[in-house]
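Asks:
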Amino acid sequence: MPPCKGRPGGAHRAFFDALLWMARTGSPWRDLPERLGAWNVVYQRYACWCKKGHFERLFQGVQQPDMQEVMVDSTCCRAHQSSAGARKSSGPQAIGITRGGRNTKIHAVCDTLGNPLRFVLTAGQCHDSRPVPELLGGLQAQALLADKAYDSDKIVQAAQSQGLEVIIASRINRKKNPRVLDTHRYKARHLVENLFQRMKVFRRVATRYDKLDVTFLGFVHIAGTMKWLH
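Each step along the sequence shown adds one to the number in our numbering, with nothing skipped, and position 5 is -9.
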């Protein structure tokens, strides 16, 4: 693997052009056009940057969030057949089996304007509420918006302990302490759904082609970074 050292700005630009082409098209690495670089060199460098957390730091570095409200939600991404076959010792592989087939779930928290703040990957059969502590940990905001999948006493109490006003739709079967929903503010929750729609313009986010979580999450962070820049 080539060393992950700094290179001239032109080389960095060509590298990112290659990654954006891969993210947009969802093509196999071997189909990378020659004008964008040798596919194996680009892939090795991409994998190296993913393992070192460079794309996550880039994603965090472009953020200028409006923290009046935060919203959480998740989306499923179908796992392509090329994502199978990695050894368990290679690293985490959050790919599960549901009625829809093999898939991965992307959990996200976004700010008031629908810009992403954090991502967590789980297998497709994982319940939406499980990654909430990791998504919300340490965030300083005024309110939390979420749909009824997140209506649990544990999540509500944890959010309130962080000083968050809870605006979560109550489940039909909730019998204890039903909340009065602020429907006007709750309407803003569509922004987190819009976030997933925009990110899935990148085919390598809409469909998982990567075997390992670390390399799939790299493209998720690239898509999140582009959401901030646009």
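The C-beta atom is built at its ideal place from N, Cα and C for all residues, glycine as well. These figures come from a predicted structure and were not determined experimentally.
Counting pairs of Cβ atoms below 8 Å between the segment 153 to 169 and the segment 18 to 38, do you hit three or more?
Replies: Judged by Cβ distances under 8 Å, the segment 153 to 169 makes no contact with the segment 18 to 38, as fewer than three pairs qualify.
Asks: In the DSSP assignment, what are the bridge partners of residue 59?
Replies: The residue given as residue 59 occupies position 73 in the sequence shown. BP columns for residue 59 point to 94.
Asks: Under the three-state reduction of DSSP, which class applies to residue 208: helix, strand or coil?
Replies: Position 222 of the sequence shown, counted from the start, is the residue given in the question as residue 208. The answer is helix: DSSP assigns residue 208 an H, G or I state.
Asks: How many angstroms separate the CA atom of residue 142 from the CA atom of residue 17?
Replies: By 1-based counting over the sequence shown, the position of residue 142 is 156. By 1-based counting over the sequence shown, the position of residue 17 is 31. Those two C-alpha atoms are separated by around 47 Å.
Asks: Determine the closest residue to residue 120 out of 187, 58, 111, with distance taken between C-alpha atoms.
Replies: To locate residue 120, count along the sequence shown from 1; it is residue 134. Ranking the options by Cα distance to residue 120, first place goes to 58.
Asks: Does DSSP put residue 188 in a helix, in a strand, or in coil?
Replies: As a first step, residue 188 is located in the sequence shown; it is residue number 202 there, counting from the start. Of the three classes helix, strand and coil, the one that applies to residue 188 here is coil, per DSSP.
Asks: Hey, could you find the ends of the alpha helix (DSSP H) residue 144 is sitting in?
Replies: For the purposes of this step, residue 144 is taken as residue 158 along the sequence shown, with counting starting at 1. 139 to 147 is the span of the alpha helix (DSSP H), which, as asked, contains residue 144.
Asks: Between the C-alpha atoms of residue -11 and residue 1, what's the straight-line distance to the nearest angstrom?
Replies: The residue labelled residue -11 in the question sits at position 3 within the sequence shown. The residue labelled residue 1 in the question sits at position 15 within the sequence shown. Low per-residue confidence applies at residue -11: pLDDT is 47, beneath 50, and the placement is therefore not dependable, though the value from the model is reported in the following sentence. Their Cα atoms are separated by approximately 14 Å.
Asks: Between which two residues does the alpha helix (DSSP H) harbouring residue 122 extend?
Replies: To locate residue 122, count along the sequence shown from 1; it is residue 136. That run of the alpha helix (DSSP H) goes 118 to 122.
Asks: How many Å lie between residue 139 and residue 157 at the Cα?
Replies: Counting from 1 along the sequence shown, the entry for residue 139 is found at position 153. Counting from 1 along the sequence shown, the entry for residue 157 is found at position 171. Cα-Cα distance, rounded: 11 Å.
Asks: How would you label residue 206, buried or exposed, when you count the other beta carbons within 10 angstroms and need 16 or more for buried?
Replies: Here residue 206 is taken as the residue at index 220 of the sequence shown, counted from 1. Residue 206 should be labelled buried.
Asks: According to DSSP, what are the bridge partners of residue 131?
Replies: Mapped onto the sequence shown, residue 131 falls at position 145. Paired residue(s): 57, 153.
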